[in-house]
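A.B. asks: Below is the structure I would like to discuss, written out as structure tokens.
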Amino acid sequence: MSQTVQGVIARSKGAPVEIVDIVIPDPGPHDVVVRVQACGVCHTDSHYRDGGINDEFPFLLGHEAAGIVETVGDQVTHVEPGEFVILNWRAVCGECRACKRGRPWYCFDSSNASKKMTLTDGTELSPALGIGAFADRTLVHERQCTKVDPEVDPAVAGLLGCGVMAGLGAAINTGNVARGDTVAVLGCGGVGDAAIAGARLAGARTIIAVDRDPRKLEWAKDFGATHTIDASTEDVEEKVKEYTDSFGADVVIDAVGRPETWKQAFYSRDLAGTVVLVGVPTPDMTIEMPLIDLFSHGGALKSSWYGDCLPERDFPTLIDLYRQGRLPLERFVTERIPLDQVEQSFAAMHRGDVLRSVVVR
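Here it is as structure tokens:
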């Protein structure tokens, strides 16, 4: 039987979000109803609200979530009612060309629920990243649920569902940071600090945090930064080289996603070093550079999609590292808020006051 719950929607471009009644249908054969316990407020949700993703309004916002499986479809085998899961937006299909070539972290046909959640008048909702978790419950495909240790705080666990995983994976999976490497991270919000934590976990010897906000540079030290650069007053390329024996960093991660920061990343790396773009640019951004520079610097220029993660592999492993005290996931949770404060949390996020606001139920 369908059920009516409360959820946060973006009804039109740029309009304040609203709390409304939404209808969760009975799950299809491979669908799952999850009772949401916590959901982080991510920049991507703000992009949806502002029309920066697409115009398929109204959106049911929220995607960085953890909760309890309540109801499952009649062909579900992946999870059972009562299990604690982190929701993910890369439900690997196993059949697309990426999966068949042994690169499932690039899966091009990720699964979503077979039915649509709606408003009470029948208007179909577009769930953010196929999840829609600023709600009491949400409907997802079974493969969007990754089981992890149920003893973990949902507010902490849920952050692996997007931003924290993106940053950790940018360092570990995409950047392949190795023991003894030098690493620079441009942008020290949630994703950037997660990249710093990932570089530390991988054994980098020098980790340079770059930002324009002194508060964020202080936060970055808590996650493992060994040096900081205030980009508002210091020359980023010059200082990175100063901290890396004049060579530049082995891996530079752009967690901002702007042309100027990407160029800084490019020119701050060592010869044959790696640049990883994990900050998401807007469609209007362009970049122009001398082609000879791309050739002469060598190395690798990579984009990191969701930290090139495999949720079934990475989420449980990272939760174990957190439980061992080796990964400080709890430091990303700046505040816990009720569902009716999502709009205010967007403002706090844009001011740089928080790493993550987390809606708890």
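Residue numbering for the sequence shown follows the numbering used here, beginning at 1448 and increasing consecutively.
Cβ coordinates follow ideal geometry from the N, Cα and C atoms, glycine included.
As the structure is a prediction and not an experimental result, all values here were calculated from the model.
#1: Can you tell me which residues form a DSSP beta bridge with Thr-1585?
#2: Would the beta-carbon of Trp-1536 be found less than 7 Å away from any heavy atom of the ligand GTP?
#3: Contact defined as beta carbons within less than 8 Å: I believe Cys-1543 pairs with Phe-1555. What is the distance between those atoms, to the nearest angstrom?
#4: Nearest to Phe-1742 by alpha carbon, out of Trp-1752, Ala-1649, Asp-1682, Gly-1720?
#5: Is it the case that the Cβ atoms of Pro-1528 and Glu-1517 are separated by a distance below 8 Å?
#6: Quick one: grab the DSSP three-state call for Ala-1602.
#7: From what residue to what residue does the beta strand (DSSP E) around Leu-1724 run?
#8: From Ala-1617 to Trp-1709, what distance separates their C-alpha atoms?
#9: Can Leu-1534 and Val-1587 be called in contact, C-beta distance under 8 Å?
#10: On a CA-only basis, which of Leu-1607, Ala-1631, Leu-1802 is nearest Gly-1754? Give me that one, please.
#11: Look at the alpha carbon of Asp-1583 and the alpha carbon of Val-1703, and state the distance between them as a whole number of angstroms.
#12: Let me make sure I understand the geometry here. Which of Gln-1522, Ala-1575, Leu-1776 has the alpha-carbon closest to that of Gly-1645?
#13: Have a look at Thr-1673 and Lys-1562 and give me their C-alpha separation to the nearest angstrom.
#14: Do Ala-1678 and Cys-1635 have their CB atoms nearer than 8 Å?
#15: Looking at Gly-1671 and Ile-1643, is the spacing between their C-beta atoms short of 8 Å?
C.D. replies: Checking against the coordinates, here is how it stands:
#1: If you number the sequence shown from 1, residue 1585 lands on position 138. Bridge partners of Thr-1585: Val-1481.
#2: The ligand GTP is absent from the structure shown, which contains no ligands of any kind.
#3: One-based indexing of the sequence shown puts residue 1543 at position 96. One-based indexing of the sequence shown puts residue 1555 at position 108. Rounded to the nearest angstrom, the Cβ distance from Cys-1543 to Phe-1555 is 5 Å, consistent with a contact under 8 Å.
#4: Locating residue 1742 in the sequence shown gives position 295, counting from the first residue. Ranking Trp-1752, Ala-1649, Asp-1682, Gly-1720 by Cα distance to Phe-1742 puts Gly-1720 first.
#5: Within the sequence shown, numbered from 1, the residue matching residue 1528 stands at position 81. Within the sequence shown, numbered from 1, the residue matching residue 1517 stands at position 70. Yes, these two residues count as a Cβ contact at 8 Å.
#6: On the sequence shown, residue 1602 is found 155 positions in, with the first residue counted as 1. DSSP places Ala-1602 in helix when its eight states are reduced to three.
#7: Locating residue 1724 in the sequence shown gives position 277, where the first residue counts as 1. From DSSP, the beta strand (DSSP E) with Leu-1724 extends over 1716-1724.
#8: What you label residue 1617 is simply residue 170 of the sequence shown in a count that begins at 1. What you label residue 1709 is simply residue 262 of the sequence shown in a count that begins at 1. Each residue's CA atom was taken as its position, placing Ala-1617 and Trp-1709 some 15 Å apart.
#9: By one-based count along the sequence shown, residue 1534 stands at place 87. By one-based count along the sequence shown, residue 1587 stands at place 140. The answer is yes: Cβ separation under 8 Å.
#10: Taking the sequence shown and counting its residues from 1, one reaches residue 1754 at position 307. Residue Leu-1607 is the option with its Cα nearest to Gly-1754.
#11: Translated into the one-based positions of the sequence shown, residue 1583 becomes position 136. Translated into the one-based positions of the sequence shown, residue 1703 becomes position 256. CA-CA distance, Asp-1583 to Val-1703, rounds to 32 Å.
#12: Position 198 of the sequence shown, counted from the first residue, corresponds to residue 1645. Measuring C-alpha to C-alpha distances from Gly-1645 to each of Gln-1522, Ala-1575, Leu-1776 identifies Leu-1776 as the nearest.
#13: By one-based count along the sequence shown, residue 1673 stands at place 226. By one-based count along the sequence shown, residue 1562 stands at place 115. Using only the alpha carbons, I get a separation of about 48 Å.
#14: As a working mapping, residue 1678 is identified with position 231 in the sequence shown. As a working mapping, residue 1635 is identified with position 188 in the sequence shown. It is not a contact, given that the beta carbons lie outside the stated cut-off.
#15: The sequence position of residue 1643 within the sequence shown is 196, counting from 1. The sequence position of residue 1671 within the sequence shown is 224, counting from 1. It is a contact, given that the beta carbons lie within the stated cut-off.
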